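**Student:** Chains L and R are the protein sequences, given in the same order. If you read the first sequence in the UniProt record's numbering, its first letter stands for residue 1, the second for the next number, and so on. If you read the second sequence in the UniProt record's numbering, its first letter stands for residue 1, the second for the next number, and so on.
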Amino acid sequence: MSIEAGLQAFIDEARELLQQMEAILLDAETAQADAEVMNALFRTVHTIKGSAGLFALDAVVAFTHEVENVLDQVRGGTLALSDTLASVLLRCHDHLEAMIAALGRGGQMPDEAAGAALLSELHAHAALSPSQAARTAPAQTAPATADPEQHDWLLYLGLSGDLLHHGIDPAALLRYLASQIRIVQVLPLPQNWHGTGGFDPEHNYLHFALHLQGNTSREQLLDVFEFAREGSCILACPVAEASPYLQAIAAETPPDMLAAASTAWQQLGWSPQVQAAPRQEEPEASGTPVAAENGPATVKKSKPAEKSGESHFLRVEAEKLDTLINLIGELVIAGAAGNLLAKQAGSSSLLEWSQGISNLIEQIRTGALSMRMVQVGEIFNRFPRVVRDVAKELGKQIELKISGADAELDKSMVEKLGDPLMHIVRNAIDHGIEPAEVRLARGKPAQGTVQLNAYHESGSIVIEVSDDGGGLNRHRILQKAVDRGLISADAQLAEQEIYALIFEPGFSTAEQITNISGRGVGMDVVRRSIEQLRGMITIESELEVGTVFRIRLPLTLAIIDGFMVKVAESVFVVPLEAVVECVELPPEMHPDDSSNCLNLRNELLPLLRLATFFDLKPSTSDKRNVVVLQIGDRKVGLVVDVLLGEFQTVIKPLGDLFRSLKAIGGSTILGNGQVALILDVNELVQYVVMRESARYGLEKDRDPQLAALPGK
Amino acid sequence: MSALTLQRQNDQSTAHAQAEHAAEVAQYLSFQLGGETFAMGILNIREILEYEYLTEVPLMPDFIRGVMNLRGAVVPVIDLALRFNRPRTELGRRSCVVIVEVDDPETETQQLIGILVDAVHEVLAISEQEIEAPPQFGSKLRTDFIAGMARVDNRFIVLLNVPKVLSVEEITLLASLREHPEGGGPGELPVVGDAAQ
Chain L
1 MSIEAGLQAF IDEARELLQQ MEAILLDAET AQADAEVMNA LFRTVHTIKG SAGLFALDAV
61 VAFTHEVENV LDQVRGGTLA LSDTLASVLL RCHDHLEAMI AALGRGGQMP DEAAGAALLS
121 ELHAHAALSP SQAARTAPAQ TAPATADPEQ HDWLLYLGLS GDLLHHGIDP AALLRYLASQ
181 IRIVQVLPLP QNWHGTGGFD PEHNYLHFAL HLQGNTSREQ LLDVFEFARE GSCILACPVA
241 EASPYLQAIA AETPPDMLAA ASTAWQQLGW SPQVQAAPRQ EEPEASGTPV AAENGPATVK
301 KSKPAEKSGE SHFLRVEAEK LDTLINLIGE LVIAGAAGNL LAKQAGSSSL LEWSQGISNL
361 IEQIRTGALS MRMVQVGEIF NRFPRVVRDV AKELGKQIEL KISGADAELD KSMVEKLGDP
421 LMHIVRNAID HGIEPAEVRL ARGKPAQGTV QLNAYHESGS IVIEVSDDGG GLNRHRILQK
481 AVDRGLISAD AQLAEQEIYA LIFEPGFSTA EQITNISGRG VGMDVVRRSI EQLRGMITIE
541 SELEVGTVFR IRLPLTLAII DGFMVKVAES VFVVPLEAVV ECVELPPEMH PDDSSNCLNL
601 RNELLPLLRL ATFFDLKPST SDKRNVVVLQ IGDRKVGLVV DVLLGEFQTV IKPLGDLFRS
661 LKAIGGSTIL GNGQVALILD VNELVQYVVM RESARYGLEK DRDPQLAALP GK
Chain R
1 MSALTLQRQN DQSTAHAQAE HAAEVAQYLS FQLGGETFAM GILNIREILE YEYLTEVPLM
61 PDFIRGVMNL RGAVVPVIDL ALRFNRPRTE LGRRSCVVIV EVDDPETETQ QLIGILVDAV
121 HEVLAISEQE IEAPPQFGSK LRTDFIAGMA RVDNRFIVLL NVPKVLSVEE ITLLASLREH
181 PEGGGPGELP VVGDAAQ
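(1) Determine, for Ile-99(R), whether the minimum Cβ-Cβ distance to residues of chain L falls below 7 Å.
(2) Where do the N-terminal and C-terminal ends of the alpha helix (DSSP H) with Leu-89(L) fall, by residue?
(3) Quick one, which of Gly-41(R), Val-75(R), Val-165(R) has its alpha-carbon nearest Leu-54(R)'s?
(4) Could you tell me the boundaries of the alpha helix (DSSP H) in which His-46(L) lies?
(5) In whole angstroms, what is the alpha-carbon distance linking Ile-48(L) and Ser-541(L)?
(6) Hey, is Leu-59(R)'s beta-carbon within less than 7 Å of any beta-carbon in chain L?
(7) Curious, which full-length beta strand (DSSP E) runs of at least 3 residues does the region 577-632 of chain L contain?
(8) Roughly how many whole angstroms lie between the Cα atoms of Asp-147(L) and Arg-218(L)?
(9) Does the separation of the CB atoms of His-423(L) and Val-526(L) fall below 7 Å?
(10) Pro-244(L) by DSSP, collapsed to three states: which one?
(11) So, with DSSP's three-state summary, where would you put Phe-156(R)?
(12) Look up Thr-649(L) in the DSSP assignment and say whether it is helix, strand or coil.
(13) Put Val-162(R) into one of helix, strand or coil per three-state DSSP.
(14) When burial is assigned at 16 or more other CB atoms within 10 Å of the CB, is Met-257(L) buried or exposed?
(15) By the DSSP assignment, the beta strand (DSSP E) with Ile-249(L) in it spans what residues?
(16) Would you kindly report the start and end of the unbroken beta strand (DSSP E) that includes Asn-453(L)?
(17) Helix, strand or coil for Val-168(R)? Go by DSSP, reduced to three states.
(18) Is there contact between the region 600-620 of chain L and the region 633-642 of chain L, where contact requires at least three CB pairs shorter than 8 Å?
(19) From Met-1(R) to His-121(R), what does the alpha carbon distance come to, in whole angstroms?
(20) Output the boundary residues of the alpha helix (DSSP H) element that contains Asn-339(L).
(21) When the Cα atoms are used, what is the spatial distance from residue 750(L) to Arg-365(L)?
(22) How long is the line joining the alpha carbons of Ala-102(L) and Met-109(L), rounded to whole angstroms?
(23) Which residues in the same chain have their Cβ closer than 6 Å to the Cβ of Val-374(L), if we skip the five residues on either side of it in sequence?
(24) So what does DSSP say about Lys-392(L), is it helix, strand or coil?
(25) Just checking my contact of Gly-41(R) with Val-162(R) at CB under 8 Å: how many whole Å lie between their CB atoms?
(26) Can you tell me the Cα-Cα spacing of Pro-58(R) and Ile-551(L), whole angstroms?
(27) Span of the beta strand (DSSP E) holding Ile-502(L)?
(28) Quick check for students: name the residue ranges of the beta strand (DSSP E) that lie wholly in the region 407-487 of chain L, counting only runs of 3 or more.
(29) Using the DSSP secondary-structure output, state which residues sit across from Trp-153(L) in a beta bridge.
(30) Counting only beta-carbon separations shorter than 7 Å, does Ser-667(L) have a partner in chain R?
(31) Have a look at residue 257(R) and Ser-660(L) and give me their C-alpha separation to the nearest angstrom.
(32) If you draw a straight line from the alpha carbon of Asp-12(L) to that of Glu-97(L), how long is it in whole angstroms?
(33) Could you tell me the distance, in whole angstroms, from the CA atom of Asp-641(L) to the CA atom of Pro-554(L)?
(34) Name the two residues that bound the continuous beta strand (DSSP E) containing Ser-348(L).
(35) Are any of the Cβ atoms in chain R nearer than 7 Å to that of Ser-403(L)?
(36) By the DSSP assignment, the alpha helix (DSSP H) with Gly-66(R) in it spans what residues?
The structure is reproduced here in structure tokens:
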């Protein structure tokens, strides 16, 4: 592994650990955390420090060291994790995150002064000066975990011969150990060198046996030698438990180490009661000469708690998965082609075979797509922090409730959903939730509630952000819209249309512009991002009761359920979710110049004639159909020739050349290898509206030169 | 017949190149478009396919004939004759689609674009000395489309400047002008005139 790759691994690991740290700190603020959680908190920082040390990232090590000291006190119970301390720790977390991010970019490290300021604040909370922190912390920890039975400890350091090569000095380790605990006796044990020439000064020839006195745990002792573990065998146990301990680890420890430890410990005054056990193991295990390398197993075994939260996941590069899914898309198409051929050949055995293949392909595709699925919780998880920070900044009390975090959607969508959700949540806290006095006056609890919820509904995922705040003030929105000239003063708008106004660029009804929101940027970006994900956003609101933002998204961007239609010679795919029903076009309305509105059960349905609109060759068919589409809260009829039916389809992007072509959302390849275009019905209707208004506008007041533009 | 003549020239220039400056000889694919022969550097050419079914894309400039399925990728196909403001290419027995890789400077990616030609002739090795700078006028083609004029058998063949001819940027601009007829202000009109000249 090259240094760069190693560093990248470190950065990834550190990010994960920082996430854990943040989650623990946020949890700890609300609930009284137990010792195990505090240990985990300590370990996150400790591990970052350890790994940073490997890469000689001194700034990170120095900073984490101080944080670690404080956390150690917290873990030892000498320092309570108060709200204020958690706040400072969270800011330390941010500082660390900034440092790690800077490493990732290869950019400038964040301001050292800021780090130093944070540390001094931290020390103020811990009531310790920086120099004292390191020394006093463990001493204070001691009484908390007092256990007279475990006062005397035996330690055997079967250090690897390569230790010095790795830049680790055993003397330094021992010095550090001495700062943690009282060392009664150290027994150096020379290994493999018999005083006759060939001395390699960079080789470690020493093992140590130690007798320690103090209150500690095996974990703490092993932590001291964290970096020396590779290739080494480190044994530690209370004197009282030495015999059972040696027996317990006999299976996974090299026998010569066991024997050496046992002998050395006896020299330190330990008298084995059950001496036989390790010896019994010896003859059997002596067949394994690779002694030192087996060492770490013992050590790992003794720290089972550390990895317990880790589930069995594989990290796969996103690109590899994308390639696989693309290939499966090809397979789907190829399979469909095979199916078609089998049908044409009319051989029933061939057809059966191709059906079997199709079934398998379907399963593979579902499986592959599910690999891309991640839980919405991945984005929800960052909100406790956001809500907490924003609420503190605004001096509001907010409770965040999260439900449905296990609903799944496509990874690529999760990434793009973070920012819009962030905007909505910040808005909800800033504008939605009223100040405590107002809330109390309205008979609501002083603490506001913001809720994030996700659930699946008929092939799409719905994400709701709701608050129990003041709700949207329709009059104020209307007033503002009239002021800004978005609508005329006498316009009659439906409820949804009024709410939709807040998504207009630059629209804000907030009386005050704050840091958080109110500048009127944001909501238009929110709507645009959601629409880019082929989603819809709706608002439900009741004055003084609350507001719900409801985002409806397709589960994946890669595949849609389509409805195929044929116009003249071209096949188009309409997203099935937009299709409401299909009706036949009455023959008297066939000519393209006849009325463009249909009476659908006494409802006026504007017709969009695809053939005319797209300038396609006139159709020869004598039957026309209307596909009724639901677009927002309106209906539009699409006039086509033939209905070809439902079809699940893999979306292929059309490429940059067509980026100006909004009405076509993409393309797909049919079973016969031909390309069919997928209509983006929202954009299509918007475009038609725009073109119509432009045409009538042009005739009246544009100059003839412009009117003569191509495409008119 | 013309293929034969070109072949002879081809051999000559190869021999010539081996004798002197091997590095200055580049290879070009010559093809037929209307009554004319053009050539383009082979380095950008991915493959040459027989003409197959194209799906027309509505609301796009005429010279975009449609999109085709290239082993699962959807590739746009451009009618070079229409791009050069000449009569539309009619499909014949020898009609071919030449798949070219084009850089899109805006997104810094490579795009595959197919060009529809009447027939593909052969690969020519042309040395630098045989290439003249594009004439300032009189070539019946936008001068920035021409990379140079190659002297082959006492005739001149136009070497196309592929990045210009298939400029994703320009084609997108043309397409957006078509889609938003009211969007083009007077300031943008000269561009249209230029492109469609």
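All C-beta atoms in this analysis are idealised placements derived from N, C-alpha and C, irrespective of residue type, glycine included. Quantities reported herein were computed from a predicted structural model and do not represent experimental measurements.
**Tutor:** Working from what's here:
(1) Chain L, which has no Cβ nearer than 7 Å to the Cβ of Ile-99(R), makes this no.
(2) Its alpha helix (DSSP H) spans residues 83-105.
(3) Among Gly-41(R), Val-75(R), Val-165(R), the Cα nearest to that of Leu-54(R) is on Val-75(R).
(4) It spans 35-54 - the alpha helix (DSSP H) in which His-46(L) sits, taken as one unbroken run.
(5) Rounded to the nearest angstrom, the two C-alpha atoms are 46 Å apart.
(6) Contact of Leu-59(R) with chain L is assigned, a C-beta pair being separated by under 7 Å.
(7) Taking 3 residues as the shortest admissible run, the region 577-632 of chain L contains the following complete beta strand (DSSP E) segments, listed from N- to C-terminal end: 579-584, 597-600, 603-609, 625-631.
(8) In this prediction, Asp-147(L) scores a pLDDT of 45, lower than 50, which makes its location untrustworthy; the coordinate-derived value is nonetheless stated afterwards. Rounded to the nearest whole angstrom, the C-alpha separation of Asp-147(L) and Arg-218(L) is 13 Å.
(9) Between His-423(L) and Val-526(L), the C-beta spacing is below 7 Å.
(10) It is helical.
(11) Phe-156(R): strand per DSSP, three-state reduction.
(12) Thr-649(L): strand per DSSP, three-state reduction.
(13) In this structure, Val-162(R) counts as helix in the three-state DSSP scheme.
(14) Under this definition Met-257(L) is a buried residue.
(15) Unbroken run through Ile-249(L): none, as it is neither H nor E.
(16) Counting along the chain, the beta strand (DSSP E) containing Asn-453(L) begins and ends at 448-457.
(17) Per DSSP, reduced to three states, the secondary structure at Val-168(R) is helical.
(18) Remark: three or more beta-carbon pairs, one from each stretch, lie closer than 8 Å, so the region 600-620 of chain L and the region 633-642 of chain L are flagged as touching.
(19) In this predicted model, Met-1(R) has a pLDDT of only 39, less than 50, meaning its place in the structure is not dependable enough to derive any value.
(20) It spans 318-345 - the alpha helix (DSSP H) in which Asn-339(L) sits, taken as one unbroken run.
(21) The first residue shown for chain L is 1 and the last is 712, placing residue 750(L) beyond what the model contains.
(22) Ala-102(L) and Met-109(L): Cα-Cα distance of roughly 5 Å.
(23) Beyond the five residues adjoining it in sequence on each side, Val-374(L) comes within less than 6 Å, by CB distance, of Lys-411, Val-414 in the same chain, given in chain order.
(24) DSSP places Lys-392(L) in helix when its eight states are reduced to three.
(25) Between Gly-41(R) and Val-162(R) the beta-carbon gap is near 7 Å, inside 8 Å, which marks them as a contact.
(26) Roughly 31 Å between the two C-alpha positions.
(27) Counting along the chain, Ile-502(L) falls outside any beta strand (DSSP E), and DSSP gives it neither H nor E.
(28) DSSP runs (the beta strand (DSSP E)) wholly in the region 407-487 of chain L: 408-410, 448-457, 460-467.
(29) Per DSSP, Leu-212(L), Pro-238(L).
(30) Judged by the 7 Å Cβ criterion, Ser-667(L) is in contact with chain R.
(31) This structure gives no information on residue 257(R), because the portion of chain R shown stretches from 1 to 197.
(32) One C-alpha to the other measures close to 11 Å.
(33) Per the coordinates, the alpha-carbon of Asp-641(L) lies some 28 Å from the alpha-carbon of Pro-554(L).
(34) Counting along the chain, Ser-348(L) sits inside no beta strand (DSSP E); it lies in the alpha helix (DSSP H) bounded by residues 348-372.
(35) So no, Ser-403(L) is outside the interface.
(36) That residue, Gly-66(R), is in no alpha helix (DSSP H); its beta strand (DSSP E) goes 64-70.
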